[in-house]
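Number of protein chains: 2
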Amino acid sequence: MKASQFGPWWNFKLTFIRKAEKQDRAAIWTILKPIFRAGETYAVDPDISENDALAFWCDGSHSAFVAEIDGCVLGTYYICPNQGGNGGHICNCGFATHADARGKGVARAMLEHSLKTAPEMGFQAMQFNFVLANNTRAVAIWQRYGFDIIGRIPKAFNHPEDGLVDALVMHKSL
Amino acid sequence: MKASQFGPWWNFKLTFIRKAEKQDRAAIWTILKPIFRAGETYAVDPDISENDALAFWCDGSHSAFVAEIDGCVLGTYYICPNQGGNGGHICNCGFATHADARGKGVARAMLEHSLKTAPEMGFQAMQFNFVLANNTRAVAIWQRYGFDIIGRIPKAFNHPEDGLVDALVMHKSL
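Chains as they are written, first to last, in our numbering: chain A, 1073 to 1246; chain B, 1073 to 1246.
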């Protein structure tokens, strides 16, 4: 085999996504911790404890998944109903990729997995409630996958570097 | 005194709003139960238990208030941060009025109380995430009080009579 066969596309092709199990929680926290601590993308207390973070990500109405490359958990996402009761047919998802695995298509693979899994779970649409407008990379990816910007919350997030930034509400019918 | 002094405006003037106490929970449930059971306005499981409903309304990050007329609790609302962490400066509120007290200005009195209380609690804006577009009376009240429609979620709620209706995201800077 030629070395070129082991470029980034190789990792992408072998990303394996499955439901998260109890024994994945340490790996999930390894991914979430620096993201939450940075306080730059998620509206989560930057000082959140490991237990609270894992409860938020994996428990209650959330179904958590992990993305493995070569048996290593390097990405995670959750699906949950975005509202209860008669609003429960639209889901919400959160995605997180390990810093070491960025740019290897893990996030994209998880998004594609979620777009396939959500309808199987009975959801009719997917909604992101809080996409920071300065996270242009994320916004571009969601739009490429058919998400529309259906709302804009002014000065919704106090970004540690950029100050008050708007947040977008994005939506895609499934 | 003339009987006319005891018209609807009289109740409105004497609406007294205070923080909810433990002993108010039965009265709060009396207000919430028919609203949640109807499944027509809140994205809450219509079969929610009393305990879960009261925990949702009063506990966690929620601060609950009650509106009294003549010592009877006939309205209730909560304030909570709409997001966590660096998104915690925008609050969310939920309002509920006892069926017997509708049209007496209780909801308006609670809204005015919340708009005064939220900045005192440090919030810089108020956001409603899920105002049903067919709830034209609520939309009109929020707009009269300076809320803007900043988003529209298509087919967000499966209304028992009207079928799939849109939900509005509404926002007001404080």
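The C-beta atom is built at its ideal place from N, Cα and C for all residues, glycine as well.
Since we're looking at a predicted model, the values are computed, not measured.
Could you spell out where the alpha helix (DSSP H) holding residue i opens and where it closes?
| i | result |
| --- | --- |
| P1106(A) | R1097 to A1110 |
| K1247(B) | Nothing about residue 1247(B) can be reported from this structure: the residues present for chain B run from 1073 to 1246 only. |
| Q1215(B) | T1208 to R1216 |
Examine chain A for any beta-carbon lying closer than 7 Å to the beta-carbon of residue i, and answer yes or no.
| i | result |
| --- | --- |
| P1080(B) | Note on P1080(B): pLDDT 49, under 50, position unreliable in the model; the coordinate value appears next. Closer than 7 Å: no. |
| P1191(B) | no |
| F1195(B) | no |
| G1218(B) | no |
| I1222(B) | yes |
| M1073(B) | Any reading at M1073(B) must be qualified, since the residue scores a pLDDT of 36, below 50, and its modelled position is unreliable; no value is offered. |
| I1100(B) | no |
| C1165(B) | no |
Please name the residue, chosen from the options, that lies closest to residue i on a Cα-to-Cα basis.
| i | options | result |
| --- | --- | --- |
| A1099(B) | N1230(B), A1171(B) and G1157(B) | A1171(B) |
| A1136(B) | K1227(B), G1218(B) and M1193(B) | M1193(B) |
| A1239(A) | D1117(B), N1206(B), Q1155(B) and Q1215(B) | Q1155(B) |
| C1163(B) | K1227(A), I1141(A) and T1087(A) | K1227(A) |
| W1214(A) | T1189(A), A1190(A), Q1196(A) and E1184(A) | E1184(A) |
| I1151(B) | A1168(B), C1144(B), E1140(B) and D1142(B) | A1168(B) |
| L1126(B) | A1139(B), Y1149(B) and D1142(B) | Y1149(B) |
| K1091(A) | C1130(A), I1225(A) and F1202(A) | C1130(A) |
| T1102(B) | D1124(B), K1094(B), P1153(B) and L1146(B) | L1146(B) |
| F1219(B) | V1203(B), Q1095(B) and I1107(B) | V1203(B) |
| I1225(A) | G1235(B), H1161(B), D1119(B) and V1237(B) | H1161(B) |
| A1110(B) | F1200(B), A1197(B) and P1232(B) | P1232(B) |
| Q1196(A) | V1241(A), A1181(A) and S1245(A) | S1245(A) |
| D1117(B) | N1158(A), A1179(A) and A1212(A) | N1158(A) |
| H1134(B) | I1222(B), S1186(B), N1207(B) and D1234(B) | S1186(B) |
| N1207(A) | V1237(A), M1182(A) and M1198(A) | V1237(A) |
| S1121(A) | P1106(A), G1166(A) and G1132(A) | P1106(A) |
| A1179(A) | V1138(A), N1201(A) and T1189(A) | V1138(A) |
| F1229(A) | Y1114(A), F1108(A) and F1088(A) | Y1114(A) |
| C1144(B) | Q1095(B), N1123(B) and I1222(B) | Q1095(B) |
| F1128(B) | R1097(B), I1222(B) and I1141(B) | R1097(B) |
| V1241(B) | G1132(B), R1174(B), E1112(B) and V1211(B) | V1211(B) |
| K1176(B) | C1165(B), I1221(B) and I1141(B) | I1141(B) |
| D1234(B) | G1132(B), A1205(B) and K1188(B) | A1205(B) |
| A1190(B) | I1222(B), T1087(B), G1166(B) and F1088(B) | G1166(B) |
Closest Cβ-Cβ distance between residue i and chain B: below 7 Å?
| i | result |
| --- | --- |
| V1241(A) | yes |
| V1116(A) | yes |
| Q1155(A) | yes |
| H1134(A) | no |
| A1228(A) | yes |
| G1111(A) | yes |
| F1084(A) | In this prediction, F1084(A) scores a pLDDT of 49, lower than 50, which makes its location untrustworthy; the coordinate-derived value is nonetheless stated afterwards. Output row for F1084(A): interface = no. |
| Q1077(A) | In this prediction, Q1077(A) has a pLDDT of 44, which is less than 50 and means its spatial position is unreliable; nothing more can be read from the coordinates. |
Under DSSP, the beta strand (DSSP E) around residue i begins and ends at which residues?
| i | result |
| --- | --- |
| D1117(B) | It is not in any beta strand (DSSP E) - D1117(B) carries neither H nor E in the DSSP assignment. |
| A1239(B) | G1235 to S1245 |
| G1226(A) | The residue you asked about is not Gly; residue 1226(A) is Pro in the sequence shown. Where P1226(A) is concerned, the enclosing beta strand (DSSP E) stretches over D1220 to H1231. |
| K1091(A) | F1088 to K1091 |
Got a sec: is the Cβ-Cβ distance from residue i to anything in chain E below 7 Å?
| i | result |
| --- | --- |
| G1159(B) | Within the model displayed, chain E is absent; protein chains A and B are what it includes. |
Which residues does DSSP list as the beta-bridge partners of residue i?
| i | result |
| --- | --- |
| Q1199(A) | H1243(A) |
- Message: So within the region 1120–1173 of chain B, which uninterrupted beta strand (DSSP E) runs reach at least 3 residues, ignoring any that extend past its ends?
- Response: 1135–1141, 1144–1153 and 1162–1169
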